[in-house]
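Let me begin by presenting the structure, written as structure tokens, before commenting on it.
Number of protein chains: 2
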Amino acid sequence: MGSETRQIIVGMAEFYEPDYFLNKELVILANLEPKKFMGIKSQGMILAVDVEGKPIFLIPEKEVPPGSIIK
Amino acid sequence: MGSETRQIIVGMAEFYEPDYFLNKELVILANLEPKKFMGIKSQGMILAVDVEGKPIFLIPEKEVPPGSIIK
Numbered sequence: 076m077g078s079e080t081r082q083i084i085v086g087m088a089e090f091y092e093p094d095y096f097l098n099k100e101l102v103i104l105a106n107l108e109p110k111k112f113m114g115i116k117s118q119g120m121i122l123a124v125d126v127e128g129k130p131i132f133l134i135p136e137k138e139v140p141p142g143s144i145i146k
Numbered sequence: 076m077g078s079e080t081r082q083i084i085v086g087m088a089e090f091y092e093p094d095y096f097l098n099k100e101l102v103i104l105a106n107l108e109p110k111k112f113m114g115i116k117s118q119g120m121i122l123a124v125d126v127e128g129k130p131i132f133l134i135p136e137k138e139v140p141p142g143s144i145i146k
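Line by line, the protein sequences are chains A and B.
Numbering-wise, the first sequence is residues 76 to 146 according to the numbering used here.
Numbering-wise, the second sequence is residues 76 to 146 according to the numbering used here.
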């Protein structure tokens with residue numbers, strides 16, 4: 076997230092392989108309390124459109140600098 | 076917004092022509108109080124990445140049904 080690295084836990088194994096997230100610009104809710112899932116700390120949430128239970132990710136229409144702010 | 080029509084006022088004339096918004100899937104904050112700008116009611120806000128003052132819109136990575144919910 077910009078120059079900062081965050082660990083985020085997602086429950087999406089049934090929809091996406093881990094590689095799917097490489098080099099992708101995603102939208103993160105970053106101002107949340109860290110939460111633990113199965114003992115592993117998660118430091119944010121990824122925003123996605125819910126289409127019949129499957130998450131479709133939100134991406135910027137054009138490439139933006141990592142860490143840019145949503146308004 | 077799905078089967079519902081909303082009027083949203085944006086101050087983006089310096090960045091985008093009105094046609095730019097046609098047939099585009101955008102992300103709307105819809106659970107806000109309507110607000111009036113110059114006497115015209117605005118019924119939501121469009122989410123965008125702020126890149127040095129210019130809004131870059133968020134879009135779903137794949138086409139989704141209009142009115143789908145973000146989670």
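Idealized CB from N, CA, C, for every residue including glycine.
A:P93 does not reach chain B, its nearest Cβ partner there being about 17 Å away, counting only Cβ pairs nearer than 9 Å. A contact between stretches requires three or more CB pairs, one per stretch, nearer than 8 Å, and the segment 93-109 of chain B meets this requirement with the segment 117-133 of chain B. Collapsing the DSSP output to three states places A:F112 in a strand.
Using beta-carbon distances, A:I83 does not count as an interface residue toward chain B, since no partner is under 9 Å. Interface flag for A:I134 against chain B is set, since a Cβ pair is found closer than 9 Å. Under the 9 Å criterion on CB atoms, A:A88 is classed as non-interfacial with respect to chain B. Excluding residues up to 5 positions away in sequence, L101, V102, L122, A123 and V124 lie with their Cβ nearer than 8 Å to the Cβ of A:L133 in the same chain. Counting the other Cβ atoms within 10 Å of the Cβ of A:P130 gives 16 or more, which makes it buried.
Counting only Cβ-Cβ distances below 8 Å, A:L104 has no contacts in chain B at all, with the closest Cβ about 10 Å away.
In the three-state DSSP reduction, A:P135 falls in the strand class (E or B).
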